[in-house]
Structure formats: structure tokens, C-alpha cells
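Undergrad: Take 0 as the starting number for the sequence shown in numbering that gives the first Met the number 0 and just add one per residue. We put the beta carbon where it would ideally sit given N, CA and C, even for glycine.
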Amino acid sequence: MKHRQQYQGVIDRYAAYLPVSNKTPIVTLQEGNTPLLRADFLSRLAGTHCEVYLKYEGLNPTGSFKDRGMTLAISKAKEEGAKAVMCASTGNTSASAAAYSVKAGLKCIVLIPKGAIALGKLSQALIHGAVVLAVDGNFDDALSRAREITDTHPITLVNSLNPYRIEGQKTASFEICDCLGDAPDFQVMPVGNAGNITAYWKGYKEYARQGKTSVLPKMLGFQAEGAAPIVKGRPVKDPQTIATAIRIGNPASWKQAEAARDESGGLIDMVSDSQIIEAYKLLAQKEGVFAEPASAASVAGLLKLAKKGYFKKQAKKAKKIKIVCILTGHGLKDPDRAIKCIEEPKVVKPNSKAILGAIGY
Ligand code: F0G
């Protein structure tokens, strides 16, 4: 059998677009190369003029898109001789930082908002041996402390304020374009600390500049109603939402998110927790895709805009419009939420008659 070279992760695949040299020690868990699924049910819901795709970032090695940025941030930290890294996190960044730090042999310290991160994410940071500190405050407090400490101590910050995180994350837009043969017309995504929308937009612009694509997508970002500082135009002191990943009141890349919105002719809007849960269930039950609640904010946003006739207005004559929704993290990150919003399993006696009775046979 012919030996095919194994996929080696986003730095190897997109090195020409990234700030790496042959001296950079590549620390990878083979992140990226995630599925772009055609969503038949959602396409029908969005309207006959729409073709909806799901970029399933939950299938990255630690279960979220953070791995794309982390492979580069950790590789560069290693190249620069760092011994320790730190991040503040609503959960996914810490899971990713912890795993990639193990691979690189770096110490990893994570600051999480006390009691406010999903169980799966906490378990990841802990099992990978990170030093996990629960800060008695919210994400914004934790990020401020992480910035102060890394400014004054020999510890590298691996939040998305670290430019290598953004560089790595932009590879997701390259993958979408490579897969579709051009950029989509619209991209819908959740917005929390706003690093990801910044990264995608940077990626799309670079690919267009290189002549790889002929169009730029309109960037459509969605915050949770109780944590929507960009939509409201002011920081939110006590952000609240069941989508804990995006429970952020003062995003670090606020300005860049607004630039992505305005340069692309897109928008940043908000969705309620009940719209998020509805989209979360719909994804699982109609598309077979389990994504965490924050990720479902993108689909909730898609449905909100479709209902308003937004895409109809934008439809081109003969061609269907292509919409990509980013599913940023895996549903297994937050199993409690799934169980809370669905009925518990019925208990039956251990005999076939009871089972058949329960299933209506
Ligand atoms: N979706 C998920 C699953 C996330 O974990 C995050 C951010 C976002 C969306 C929003 O992305 O911050 O780039 O706008 N999670 C960060 C963390 C804050 O600490 O894991 P963003």
C-alpha cells in the first residue's frame, strides 16, 4: 500500500501564511482540517435561496477552535525560550493551553472565573496538569489579572491578545475557502472576547489579497443577550448567559470586532438564552451535530436573521448564497446543559416486555 503522508496540523499546512521559520519548533496535536458540513435542514429553514454549512470546530483535538491559535502561540513561546504560559479563560482556552503545554513541556497556569466554567473544560485543564486557579470574579477580572502578571513576570500570555493566537486561528477561514473554492457570502459566529471574529476576518482578507478568493464574506457576529457589550456599546459589569464560553462583559478585541463588522458590511447582534437553547437542540436533533451552547449562538443568529428576511434581501439572482456557521466547541464540553434541557431517561425493569412496552412495540 502506498504510504500517504499524515496530516500534520495547521502550521504545517499553512506555514506560508504564518510567522514561522524552520527554527520554530512546531508543537501540534494535529488540529484543524475540521469538517465543513452541508446543513440540509438549516438550509431549508433559512430559505430556498440559501445553502448553509457548519464548520465543526468541536472536532479539534481538545474540542474547540482554540487549538488552531494555541499550536502557534505555544510553538512561538517555545521558540522564544518561555518556561511558563498563562491564560484567563471561560474554559476552552484553558483546556487547549493545558494540552499544548504538556506537548511542549511548559508550565501552564490558568485563571478561571469561579464556578462559571463547564465541567468538561475544567476536567481537561485539571487532567493535563495545569495549575488551575478559580478567581473569585468573572472572566474580565481574570483576564485583567493575567495581563498584569504576564506584563511583569517571565510568563507568556496565551490569551488572544497574544498575536500568534489570532494568526493560528485565521487558518479556519483558509480551510473554508479551500473547501468551497471561494469565500462564502456570509459567515455567522459567536462573539465573546472577539479574538475569533478578528482572526477569521484577517484570514479572509489575506486569502483575497493573495488571489485565492474573489469575494469577502459579510461577518455576522452574535453575542448572548445578557453579555452583549458590543451590541449595547458599553461594557457589561455582570454578564450573564447559559452560554458560559461567551459570558464576557468587556471583550479584549472589541475594536477589531467592530472593524470586521464594518469593513465587511456585516453586523453584530444578540440572541437570547432561549434562542440559543432552541438552536442547540435543533443542531443536535435535526443535523446530528452536538455543539456547545455558545456555538449554537451562531445558528440562533442565522435563524433570527432568516426570520427577518435578511438573507432574502441579500440573495443574488440565479446563485444560491453560501452561509457558513461556525460551531466553535463540542457539545460534550458541557454535558450538564444537554441533560438539563432534555427529559431524563425512563427507568424500566430489566426485561424485554418492559422495554418493548416503553418503546411502543
Ligand atoms: N465559542 C466558544 C466555544 C468559546 O470558547 C469562545 C471563547 C467563543 C465562542 C468566543 O470566541 O472569545 O474569540 O470571541 N472562549 C474563550 C475561552 C473566551 O476562554 O475559552 P472569542
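1) Does DSSP put D181 in a helix, in a strand, or in coil?
2) Is there contact between the stretch 200-217 and the stretch 32-45, where contact requires at least three CB pairs shorter than 8 Å?
3) Taking 6 Å as the line, does the beta carbon of G191 fall inside it for any heavy atom of the ligand F0G?
4) If you follow the beta strand (DSSP E) that A87 is in, where does it begin and where does it stop?
5) Is it the case that the CB of E291 approaches a heavy atom of the ligand F0G more closely than 6 Å?
6) Looking only at its chain, what residues have a beta carbon closer than 7 Å to the beta carbon of A38, apart from the 5 residues adjacent to it on each side?
7) Please report the straight-line C-alpha distance between K113 and R246, rounded to a whole angstrom.
8) Using alpha carbons as the reference points, say which of S88, K217, A278, I154 lies closest to S172.
9) Quick one: give me the first and last residue of the alpha helix (DSSP H) that E78 is part of.
10) Could you check whether A129 and A87 sit closer than 7 Å to each other, using their CB atoms as the reference points?
11) So does the stretch 150-169 actually touch the stretch 67-80, counting three or more Cβ pairs closer than 8 Å?
12) Please classify V346 as buried or exposed, where buried requires at least 16 neighbouring CB atoms within 10 angstroms.
13) Bridge partners of H329, per DSSP?
14) Tell me whether N91 counts as near the ligand F0G, meaning its Cβ is closer than 6 Å to at least one heavy atom of that ligand.
15) Measuring straight from C-alpha to C-alpha, what distance separates P24 and S100?
16) By the DSSP assignment, the beta strand (DSSP E) with G264 in it spans what residues?
17) In the DSSP assignment, what are the bridge partners of I320?
18) For the beta strand (DSSP E) holding V130, just list the boundary residues, first then last.
19) Quick check on DSSP: helix, strand or coil for G220?
20) Of the residues N249, I196, Q186, which one's Cα is nearest the Cα of I229?
21) Which first and last residues belong to the beta strand (DSSP E) in which P112 is found?
22) To which residues does DSSP link Q186 through a beta bridge?
23) Could you tell me whether the stretch 295-304 touches the stretch 179-190, using the rule of 3 or more Cβ pairs below 8 Å?
24) Quick check on V351: buried or exposed, where buried means 16 or more other Cβ atoms within 10 Å of its Cβ?
25) Any chance the CB of I245 is under 6 Å from a heavy atom of the ligand F0G?
26) Excluding the 5 residues preceding and the 5 following A259 in the sequence, name in chain order all residues of the same chain whose CB lies nearer than 8 Å to its CB.
27) Report back the beta-carbon spacing between A117 and K332 to the nearest angstrom; my notes put them in contact at under 8 Å.
28) What does DSSP give as the partner residue(s) for K54 in the beta ladder?
29) Could you tell me whether any non-hydrogen atom of the ligand F0G is closer than 6 Å to the CB of S88?
TA: If we stick to the structure as given:
1) coil
2) Taking a cut-off of 8 Å on C-beta distances, the stretch 200-217 does not touch the stretch 32-45, as fewer than three cross pairs fall below it.
3) yes
4) 83-87
5) yes
6) V51, Y52, L53, E286
7) Roughly 13 Å separates the two Cα atoms.
8) K217
9) 65-78
10) no
11) yes
12) Exposed is the call here.
13) Paired residues: A290.
14) yes
15) Roughly 13 Å between the two C-alpha positions.
16) Neither: G264 is in no beta strand (DSSP E) and is coded neither H nor E.
17) Looking at the DSSP assignment, I320 forms a beta bridge with C49.
18) 130-134
19) strand
20) N249
21) 106-112
22) M218, V323
23) yes
24) As written in the sequence, residue 351 is Ser, which differs from the Val given in the question. Label assigned to S351: exposed.
25) yes
26) I196, T197, Y199, W200, M218, G220, G265
27) Confirmed, about 5 Å.
28) L35, I325
29) In this structure, the C-beta of S88 approaches the ligand F0G to less than 6 Å from one of its heavy atoms.
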